[in-house]
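*Asks:*
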Amino acid sequence: MRISKLVGERLKDSASTANVKSHNYLLRAGYLKQVCNGIFSMLTPAQRINLKIQNIIREEMDAVGGQEVLFPVVMPRELWEKSGRYFSIGQEMVRFKDRNDHDMLLGMTHEEAAVHLCQNTIKSYDQLPFMIYQIQTKFRDEARPRAGLIRVKEFTMKDAYSFHYDKEELQEFYKKVYDSYNKIFKRIGMKNFIAVKSDSGMMGGDIAHEFMLLTDIGEDSIVICPHCDYKANMEVAISKEIKPQFENTEKKEVYTANAKTIEEVCKLLNISAIQTIKAVCYAIVGDDTNTVIAFIRGDKEVNEAKLKKIIGKDIAVKDLSDTGLVKGNIGCLNLNLPNTTVVFDKSLEDMQGMATGANKEGYHIKGVNLKRDLENVEFVDIAKVKEGELCPVCGKPLTIKRGIEIGNIFQLGTKYTKSMDMTINMPDGTLINPLMACYGIGVGRALASVAEESSDEKGLVWPMSIAPWQIYFCPLRMDDNSVKEKAEELEKSLSNNFELLYDDRNVSAGIKLTDSELMGIPLRVVISPRSLSNNEAEITIRKSGEKIMCKLDNLNELLKNLINKEMEELNG
RNA sequence: CGGGGUGUAGCGCAGUUGGUAGCGCACGUGGUUUGGGACCAUGGGGGCGGGAGUUCGAGCCUCUCCACCCCGACCA
28 MRISKLVGER
38 LKDSASTANV
48 KSHNYLLRAG
58 YLKQVCNGIF
68 SMLTPAQRIN
78 LKIQNIIREE
88 MDAVGGQEVL
98 FPVVMPRELW
108 EKSGRYFSIG
118 QEMVRFKDRN
128 DHDMLLGMTH
138 EEAAVHLCQN
148 TIKSYDQLPF
158 MIYQIQTKFR
168 DEARPRAGLI
178 RVKEFTMKDA
188 YSFHYDKEEL
198 QEFYKKVYDS
208 YNKIFKRIGM
218 KNFIAVKSDS
228 GMMGGDIAHE
238 FMLLTDIGED
248 SIVICPHCDY
258 KANMEVAISK
268 EIKPQFENTE
278 KKEVYTANAK
288 TIEEVCKLLN
298 ISAIQTIKAV
308 CYAIVGDDTN
318 TVIAFIRGDK
328 EVNEAKLKKI
338 IGKDIAVKDL
348 SDTGLVKGNI
358 GCLNLNLPNT
368 TVVFDKSLED
378 MQGMATGANK
388 EGYHIKGVNL
398 KRDLENVEFV
408 DIAKVKEGEL
418 CPVCGKPLTI
428 KRGIEIGNIF
438 QLGTKYTKSM
448 DMTINMPDGT
458 LINPLMACYG
468 IGVGRALASV
478 AEESSDEKGL
488 VWPMSIAPWQ
498 IYFCPLRMDD
508 NSVKEKAEEL
518 EKSLSNNFEL
528 LYDDRNVSAG
538 IKLTDSELMG
548 IPLRVVISPR
558 SLSNNEAEIT
568 IRKSGEKIMC
578 KLDNLNELLK
588 NLINKEMEEL
598 NG
């Protein structure tokens, strides 16, 4: 490829709107152009990376027996009504009518299509397990796209679906794909990534893992134990409970005047937050009449993802202006509100000597003993894990890090095969709904994640395995005929063996060299009157900055060795 | 959807108390240069996000709509 003809320009100034490193460099180096919020065109260099990532994914999926298929982007309403998701999914799914007034939708995931494809064609346990996968465009009308390619509305995704006849066999296969994912991310040059336990969300099912690239710009919080193997998404993370026991006293109403916040009440009563009961109120989204009140120990915070799962509906923090509750004085005793679901966090179980609101202006109640003063209370885990709390496995302090979700795998169970009525015959003649698992990787997000992780102050630094070109061929002084002739000759011979981006422009050395660095091509080959006088070329390794002078006769071989060496490292 | 911010040339930006749009980069042409974003000359390109209003006159004021960015909600 000649750079003079390459569409897209390298910019000196960065776009002021792009404040995430990967986004900024991808724009500046001519990889991306935004069309509108959350929707991008990818230029040739980016598309070349996409294809390389896709091929690595393809190889690894095929290696565990995957069969590549292609589902439609557009699906009819009926297919999604069967699984129930036509109604349970909100505005993220684009719905529209075709010319015959038929309800259609854009696929944002393809469990329904996968079951549709396999039901009635797969009839026997004997045909299981198997996995089908596709690499295709997904459209999700995200509420808030952000950070360039990290969160977008339209993206290419590899999604895979496996089918199983029993749990044991499913888990065996799930483990294989888990290992395969580790391989894929390693091969595309991702370094600081981990797999964590995650919430299965509205995908349903029980066991799920997310592959996370650890980075400060990540959208997810991950709880990690530095001492053992415990790693979990904040949404599902738990910590070991430590419960101090306070003196068991009679409960007593006390005047607390204007003390409203936990902090103010603690100061006034001379206790610490751990001895208080905090109330957090939620409204159920789309339902004005019902309220949820969550009680939790004052030193803790509510994990809304956990609470949402327990309630089974969308919740949002509620403004109390239209309820009978007294803000700052809400308590768990004598709380008789209609249409209210009350939830108690596990942190309150067996606690005594606690302070809570009195449900009237200016008063709190001291000495609450939850076992004694409340009847029929079930305590559930709705607490958010905090940095420094203790690991549920080994009991040592936990840390919290940020991560980008680069892949996910879910054990779905029979959620879809049951609702869509897919059955197979078992050896004893009975019919069962097969178990399913699904596995996703966003290709564009993987590209951006590698960019986020692999760059320096000069620009991008692509791993050899996914670099748009292996070599940036950079002759200096193209006005010099001897250079130009040699350049054209070398371009021909190098192109036979390597992926070459040929900087054929007659511009100053500075422009060429900085462009090569900004674009992040792993190897740069420079020739100039100076180097040619010694019959040499200069090779620069982008990653390390190392420079090697090389006789032109040995150029092919040296380049081959450098490329192979990095590829071997990436492939492990 | 809530809060904050920004829209002026392809990109980055300036534009005074309202007086009829500039700068740098990029691009075209001619020339001099050439191992880390060269220089001289010259040329082309926008009517200031859209609409309405105030005014003799609006990029600057008012109203309204829109788009984009950031934080939050959401995120299969």
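Residue numbers for the first sequence follow my numbering, so the first one is 28 and each next one is one higher. For each residue, glycine too, the CB sits at the ideal point set by N, CA and C. Every value quoted in this text rests on a predicted model; they were computed, and no experiment measured them.
State the Cα-Cα distance for the pair V34 and D506, rounded to the nearest angstrom.
*Replies:* Numbered from its first residue, the first sequence carries residue 34 at position 7. Numbered from its first residue, the first sequence carries residue 506 at position 479. Taking the straight line joining both Cα atoms gives about 23 angstroms.
*Asks:* My output table needs one value for D455: the three-state DSSP class, helix, strand or coil.
*Replies:* By one-based count along the first sequence, residue 455 stands at place 428. If DSSP states are grouped into helix, strand and coil, D455 belongs with coil.
*Asks:* Can you give me the C-alpha to C-alpha distance between A464 and L474, rounded to a whole angstrom?
*Replies:* Taking the first sequence and counting its residues from 1, the one referred to as residue 464 is at position 437. Taking the first sequence and counting its residues from 1, the one referred to as residue 474 is at position 447. Cα to Cα, A464 sits roughly 25 angstroms from L474.
*Asks:* Out of curiosity, what's the CA-to-CA distance linking E139 and T183?
*Replies:* The residue you call residue 139 lines up with position 112 of the first sequence. The residue you call residue 183 lines up with position 156 of the first sequence. Approximately 18 angstroms between the Cα atoms of the pair.
*Asks:* Within the same chain, show all residues whose beta-carbon is closer than 7 angstroms to that of T276, passing over the 5 residues directly before and after it, in chain order.
*Replies:* Translated into the one-based positions of the first sequence, residue 276 becomes position 249. Cβ within range, chain order: G380, G394.
*Asks:* Put I538 into one of helix, strand or coil per three-state DSSP.
*Replies:* Residue numbering aside, residue 538 sits at position 511 when the first sequence is read from its first letter. DSSP places I538 in helix when its eight states are reduced to three.
*Asks:* Please tell me whether V488 and K373 are closer than 7 angstroms, where the distance is taken between their beta carbons.
*Replies:* Counting from 1 along the first sequence, the entry for residue 488 is found at position 461. Counting from 1 along the first sequence, the entry for residue 373 is found at position 346. Against a cut-off of 7 angstroms, the Cβ pair of K373 and V488 comes out as no contact.
*Asks:* Where does the unbroken beta strand (DSSP E) through P253 begin, and where does it stop?
*Replies:* On the first sequence, position 226 is the one that residue 253 refers to. Note, P253: premise wrong, no beta strand (DSSP E); not H, not E.
*Asks:* Based on the DSSP secondary-structure assignment, which residues constitute the bridge partners of E181?
*Replies:* Within the first sequence, numbered from 1, the residue matching residue 181 stands at position 154. Its beta-bridge partners are F166.
*Asks:* With DSSP as the reference, label N583 as helix, strand or coil.
*Replies:* Looking up residue 583 in the first sequence gives position 556. Reduced to three states, the DSSP call for N583 is helix.
*Asks:* If you check the beta carbons only, do K48 and E484 fall under 7 angstroms apart?
*Replies:* The residue given as residue 48 occupies position 21 in the first sequence. The residue given as residue 484 occupies position 457 in the first sequence. Not a contact, by the Cβ cut-off of 7 angstroms.
*Asks:* Are there three or more Cβ pairs, one per stretch, closer than 8 angstroms when the segment 400-411 is compared with the segment 90-101?
*Replies:* Not touching, per the Cβ criterion.
*Asks:* When the Cα atoms are used, what is the spatial distance from I392 to I269?
*Replies:* Residue numbering aside, residue 392 sits at position 365 when the first sequence is read from its first letter. Residue numbering aside, residue 269 sits at position 242 when the first sequence is read from its first letter. So the alpha carbons of these two residues sit roughly 23 angstroms apart.
*Asks:* Taking 7 angstroms as the limit between beta carbons, can you name the residues of its chain near A385, skipping five residues before and five after?
*Replies:* What you label residue 385 is simply residue 358 of the first sequence in a count that begins at 1. Around A385: E280, N356, G358, H391, I392.
*Asks:* Among the residues of its own chain, which have a CB less than 6 angstroms from the CB of L38, if the five just before and after it don't count?
*Replies:* The residue labelled residue 38 in the question sits at position 11 within the first sequence. Within the same chain, L38 has close Cβ partners R55.
*Asks:* Grab me the residues of H137's own chain with a C-beta within less than 6 angstroms of its C-beta, minus the 5 sequence neighbours each way, in chain order.
*Replies:* Here residue 137 refers to the residue found at position 110 when the first sequence is read from its first residue. Hits under 6 angstroms: F98, D186.
*Asks:* Nearest-angstrom Cα distance between A73 and G547?
*Replies:* Along the first sequence, read from residue 1 onward, the residue named residue 73 stands at position 46. Along the first sequence, read from residue 1 onward, the residue named residue 547 stands at position 520. So the two alpha carbons sit approximately 12 angstroms from each other.
*Asks:* Can you tell me which of the three DSSP states T444 falls into?
*Replies:* On the first sequence, position 417 is the one that residue 444 refers to. Of the three classes helix, strand and coil, the one that applies to T444 here is helix, per DSSP.
*Asks:* Can you tell me where the beta strand (DSSP E) holding G394 begins and where it ends?
*Replies:* Here residue 394 corresponds to residue number 367 of the first sequence, with the count starting at 1. Element bounds for G394: 390-395.
*Asks:* I need the straight-line Cα distance from E86 to A141, nearest angstrom please.
*Replies:* For the purposes of this step, residue 86 is taken as the residue at position 59 of the first sequence. For the purposes of this step, residue 141 is taken as the residue at position 114 of the first sequence. Rounded to whole angstroms, E86 to A141 spans 21 angstroms at the Cα level.
*Asks:* Starting from V412, trace the beta strand (DSSP E) both ways and give me its first and last residue.
*Replies:* Numbered from its first residue, the first sequence carries residue 412 at position 385. Taken as a continuous stretch (DSSP letters only), V412 belongs to no beta strand (DSSP E), as it is neither H nor E.
*Asks:* Bridge partners of T368, per DSSP?
*Replies:* For the purposes of this step, residue 368 is taken as the residue at position 341 of the first sequence. Its beta-bridge partners are V319.
*Asks:* So, with DSSP's three-state summary, where would you put P156?
*Replies:* Here residue 156 refers to the residue found at position 129 of the first sequence. Correct three-state label for P156: coil.
*Asks:* Can you name the start and end residues of the alpha helix (DSSP H) that K224 belongs to?
*Replies:* Translated into positions along the first sequence, residue 224 becomes position 197. Element bounds for K224: not the alpha helix (DSSP H) but the beta strand (DSSP E), 220-224.
*Asks:* Where are the beta strand (DSSP E) runs, 3 residues long or more, that stay fully inside the segment 494-544, in chain order?
*Replies:* Complete beta strand (DSSP E) runs here, min 3: 498-502, 527-529.
*Asks:* Can at least three beta-carbon pairs, one atom from the segment 279-295 and one from the segment 431-444, be found at a separation below 8 angstroms?
*Replies:* The segment 279-295, when compared against the segment 431-444, does not touch it at the 8 angstroms Cβ threshold.
*Asks:* In angstroms with no decimal places, state the Cα-to-Cα distance between F166 and T444.
*Replies:* The residue given as residue 166 occupies position 139 in the first sequence. The residue given as residue 444 occupies position 417 in the first sequence. Distance between the alpha carbons of F166 and T444 is about 24 angstroms.
*Asks:* Applying the criterion that 16 or more other CB atoms from any shown protein chain within 10 Å of the CB defines a buried residue, is G92 buried or exposed?
*Replies:* Taking the first sequence and counting its residues from 1, the one referred to as residue 92 is at position 65. With fewer than 16 Cβ atoms within 10 Å of its Cβ, G92 is classed as exposed.
*Asks:* May I ask you to verify whether the segment 585-599 touches the segment 487-501, counting CB pairs closer than 8 angstroms and requiring at least 3?
*Replies:* Short answer: they touch.
*Asks:* Within 10 angstroms of its Cβ, does C418 collect 16 or more other Cβ (buried), or is it exposed?
*Replies:* For the purposes of this step, residue 418 is taken as residue 391 along the first sequence, with counting starting at 1. C418 is buried by the Cβ-count criterion.
*Asks:* Taking K398 as the reference, give the member of A410, L375, A382, I409 with the closest Cα.
*Replies:* Start at 1 with the first residue of the first sequence, and residue 398 comes out as number 371. Nearest option by C-alpha distance: L375.
*Asks:* Checking the sheet assignment: what are the DSSP bridge partners for S482?
*Replies:* For the purposes of this step, residue 482 is taken as the residue at position 455 of the first sequence. Note: S482 sits in a beta bridge opposite L487.
*Asks:* Where does the unbroken beta strand (DSSP E) through R551 begin, and where does it stop?
*Replies:* Working through the first sequence from its first residue, we reach residue 551 at position 524. Element bounds for R551: 550-554.
*Asks:* Helix, strand or coil: how does DSSP classify V281 here?
*Replies:* As a first step, residue 281 is located in the first sequence; it is residue number 254 there, counting from the start. Here V281 sits in strand by DSSP.
*Asks:* Using a Cβ-Cβ cut-off of 7 angstroms (strictly less than) and excluding sequence neighbours within five positions of M229, which residues of its own chain qualify?
*Replies:* Translated into the one-based positions of the first sequence, residue 229 becomes position 202. Because the pLDDT at M229 is just 47, under 50, the model does not fix this residue reliably, and the value given afterwards should be weighed accordingly. Within the same chain, M229 has close Cβ partners S115.
*Asks:* Smallest Cα separation from G325: which of K411, L53, L132?
*Replies:* Indexing the first sequence from 1 puts residue 325 at position 298. Of the listed residues, the one whose Cα sits closest to G325 is K411.
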